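Structure first, commentary second.
See below:
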């Protein structure tokens, strides 16, 4: 194992099936490409099939013999999530890795097909539903993991605003993103507690990329100005480095359920992945359980654990 954990440290993944959401670009594409290069059968689960086909082509360009498939999945639509889950269940009797990577950040106020605030509905509720619908195909698979990509932005939001989850009274796109990422962590910790109680081989783990120069940055104020991309490239992780925390959470044999991985640098902004800690509020078990119950009600999805 190298002093700085890199893609070269990803163990052989031959025979494993990995579903990666949002794998058409950025962190998801890098995650999928490395897993495919290491021998996994990778399912690129994306909303836009045209972009997904380009991603599949890029993965095969990098690894000509890659075993990669395309799956349509719109996390902002529960109907699409259910359809995708049905198709994935039919195609893959076993799933080794479910990597909840897709997300939206800082968009103008929008709602999902089901009326949820776009960031909460996509980043948290869509992945909550997908995980619940696929989980029984992971539960008996030795070494299987659910990896959810969170963010240092979970520190922005003070708790989960159950009195206005969908930001209907007022909308702050930064705080709404922070809430969705806090929800990702709370979901991971509550899922791990439930998995541990059933003594299954499946574990739940979280990761974050620090600040990474990907398409997610397109809604940041000033992102369209000349020179923004060049400047961002100097002060952020590349997608290849940003994806390493996810890859480590997904594949490092030393990883344990309920752990959280992120960059090693100043304030976890950049650097290679190490074990990190989320803030105190993310570990509030009462809020985790309340969020779980609310998420079940909103999505109509019940977990087998």
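Numbering (this note's numbering), first residue to last: 7 to 311.
Ideal Cβ placement from N, Cα and C applies to all residues, glycine included.
Quick caveat, the model's predicted, so the values are computed rather than measured.
Close beta carbons around residue i, own chain, < 6 Å, minus the five adjacent residues each side
{"i": "residue 249", "result": "33, 36, 37"}
{"i": "residue 42", "result": "48, 65, 69, 72, 74"}
{"i": "residue 157", "result": "187, 214"}
{"i": "residue 285", "result": "161"}
{"i": "residue 103", "result": "24, 151, 256"}
{"i": "residue 300", "result": "none"}
Outcome for residue i when other beta-carbon atoms lying within 10 angstroms are tallied against a minimum of 16
{"i": "residue 292", "result": "exposed"}
{"i": "residue 269", "result": "buried"}
{"i": "residue 174", "result": "exposed"}
{"i": "residue 310", "result": "exposed"}
{"i": "residue 107", "result": "buried"}
{"i": "residue 236", "result": "Unreliable placement is indicated for residue 236, whose pLDDT of 40 sits below 50; the coordinate value is still reported in the next sentence. The residue in question, residue 236, is exposed, as its Cβ has fewer than 16 Cβ neighbours within 10 Å."}
{"i": "residue 194", "result": "buried"}
{"i": "residue 257", "result": "buried"}
{"i": "residue 135", "result": "buried"}
{"i": "residue 63", "result": "exposed"}
{"i": "residue 317", "result": "A query on residue 317 cannot be resolved here, the shown segment of the chain reaching from 7 to 311 and no further."}
{"i": "residue 122", "result": "buried"}
Closest by C-alpha distance to residue i, when choosing among the options
{"i": "residue 132", "options": "147, 150, 114, 105", "result": "105"}
{"i": "residue 46", "options": "66, 61, 22", "result": "22"}
{"i": "residue 206", "options": "152, 160, 297, 245", "result": "152"}
{"i": "residue 52", "options": "26, 67, 44", "result": "26"}
{"i": "residue 243", "options": "130, 190, 276, 165", "result": "276"}
{"i": "residue 109", "options": "302, 30, 300, 307", "result": "30"}
Whole-number beta carbon distance between residue j and residue i, since they are thought to touch under 8 Å
{"i": "residue 144", "j": "residue 208", "result": "5 Å"}
{"i": "residue 154", "j": "residue 212", "result": "5 Å"}
{"i": "residue 198", "j": "residue 210", "result": "4 Å"}
Cutoff 7 Å; reference residue i; Cβ partners in own chain excluding five residues on either side
{"i": "residue 253", "result": "13, 16, 37, 40"}
{"i": "residue 100", "result": "23, 143, 147"}
{"i": "residue 282", "result": "266, 267, 268, 274"}
{"i": "residue 295", "result": "196"}
Residue i beta carbon near the ligand SAH (any heavy atom closer than 7 Å)
{"i": "residue 296", "result": "For the ligand SAH, the structure offers nothing, since it holds no ligand at all."}
Own chain, CB closer than 8 Å to residue i, minus 5 neighbours either side, in chain order
{"i": "residue 95", "result": "139, 140, 143"}
* Asked: Quick one: complete beta strand (DSSP E) runs, 3+ long, within the stretch 164-226?
  -> 209-213
* **Minimum length 4: unbroken alpha helix (DSSP H) runs contained in the stretch 98-167** => 133-140
* Asked: Fully enclosed by the stretch 13-80, which alpha helix (DSSP H) runs are 4 residues long or longer?
  -> 32-43, 55-68
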